[in-house]
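So the sequence shown is residues 9 to 311, counted in my numbering. Glycine is no exception: its CB is placed at the ideal position from the N, C-alpha and C atoms. On a predicted model such as this, the values are computed, not experimentally measured, just so you know.
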Amino acid sequence: MKTSNTPFEVKNASAHLIDMSAVFFRYYFAQGLERINDEGWDVSALYGSARWLLSQTALFEAKFVVAAFDESLYTGFRHQIDEDYKANRAPPTEDIIYQFECLKHICECLGFTVLASEVFEADDLIAAATQQLSPNACLIHSRDKDLRQLLGPSVMMKDIMTDKEWCADLLLHEEGIHPEQVPLLLALMGDASDNIVGVPRVGIKTATTLIRNFSDWPTIYSAAEQGLPLLVRGEKAIRELLLEFSELIPHNLSLTRLRRDADIMPIAPRSEVQWDELAVFHQIVGLAGLSKLVAKRQGNGEF
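Pasting the structure below:
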């Protein structure tokens, strides 16, 4: 569904920002044929990710394409704020590291700008890139709910699994909040995927209602402290919990807000694809099965 105030048509996006970690792990955890290359590396997720990139016609027509990678697990600035942040995630295995390096090289061969950092996550890098590329029409490829805080007049998002297109108006229509309120929603209810603990008994419905009624955390806290009606189920208990865990919310917001000021390189327009090098690299790392797709893309064939 699209609202009448969609900022731009997705097909007209001039800048594409890809959450490559989301793309990669989509295939890493998928059930399918295992692919082992001649060096003994499992390249199944690499194959799926490269195939996905080659199938996205819009990437080869865009002025700017950014591929952002997550490489800050246990080293990022959020871990300095909270040592439990993402503590539920295992360190990357050797096969993941190998495939990430190969995937970065493939993106470079395709003419994309590759961003990675030990301090900032892929979401922060994308946030900084959208800031830099504005007012170009920017389309984010991901399904990470954190990235919805970036939606705006020049930023939309496309779900890499469902192809659903998100804009700020659709977020308000379906979720009842504005993009800038996404960090507060996650701070209140917590985010299990990032090991962020929220206020007890505050789920998505209660958190959304509080945000819709009071807009921001200072106003929510003030209402709870003054005994104003919160208009949520179990109001008395929720009020007590909001006051008891009041110091948790600013802490969580320091984790859920994306850093638009991440230090990234100037993003240059997409460069010419190095088709010959790409074909050779595919042979070397065991992705020869993509040769037909490479040939079709090189010849602008239909996918």
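- About 19 Å separates the Cβ atoms of R156 and V210, ruling out a contact at the 8 Å cut-off.
- In the structure shown, K153 falls within a helical segment according to DSSP collapsed to helix, strand and coil.
- C-alpha of L218 to C-alpha of E173: approximately 26 Å in a straight line.
- Nearest C-alpha to L159 among D131, K244, L263: D131.
- Of the residues assessed, V302 falls on the buried side of the cut-off, its CB having 16 or more other CB atoms within 10 angstroms.
- In chain order, L54, V293 place their CB closer than 7 Å to the CB of C110, counting only its own chain and leaving out the 5 sequence neighbours on each side.
- Annotation note: the region 87-162 contains the following uninterrupted alpha helix (DSSP H) runs of length 4 or greater, listed N- to C-terminal: 102-117, 130-141.
- With contact defined as three or more Cβ pairs closer than 8 Å, the region 28-42 and the region 105-119 are in contact.
- Per DSSP, D78 lies in no alpha helix (DSSP H) segment; the continuous beta strand (DSSP E) that holds it begins and ends at 72-78.
- Annotation: the continuous alpha helix (DSSP H) that includes I228 extends over 225-234.
- In this model, D202 and G307 are separated by some 42 Å (Cα to Cα).
- Judged by their CB atoms, L147 and V281 are not nearer to each other than the 7 Å cut-off.
- In the structure shown, the three-state DSSP call for A270 is coil.
- Between N260 and I204, the C-beta gap is smaller than 7 Å, which places the two residues in contact.
- Annotated three-state conformation of E17 is coil, per DSSP.
- A75 is a Cβ neighbour of V122, given a cutoff of 7 Å.
- The beta carbon of T138 sits closer than 6 Å to the beta carbons of C146, L158, V163 from its chain, once the five residues preceding and following it are set aside; these are given in chain order.
- Proximity of the region 96-104 to the region 67-83 meets the contact definition, three or more beta-carbon pairs being nearer than 8 Å.
- In the DSSP assignment, the residues bridged to M165 are I148, W174.
- H24 is not a Cβ neighbour of A58, given a cutoff of 7 Å.
- Looking only at I44, I257, L239, N144, the smallest Cα-Cα distance to N20 is reached by N144.
- Listed as beta-bridge partners of V205 by DSSP are G198.
- The DSSP-derived three-state label of I219 is helix.
- Comparing alpha carbon positions, the residue from L194, K153, S52 closest to E42 is S52.
- D46 sits in coil when the DSSP states are folded into three classes, being neither helix nor strand.
- DSSP, read as helix, strand or coil, puts H186 in coil.
- In the three-state reduction of the DSSP assignment, I257 falls in the helix class, which pools H, G and I.
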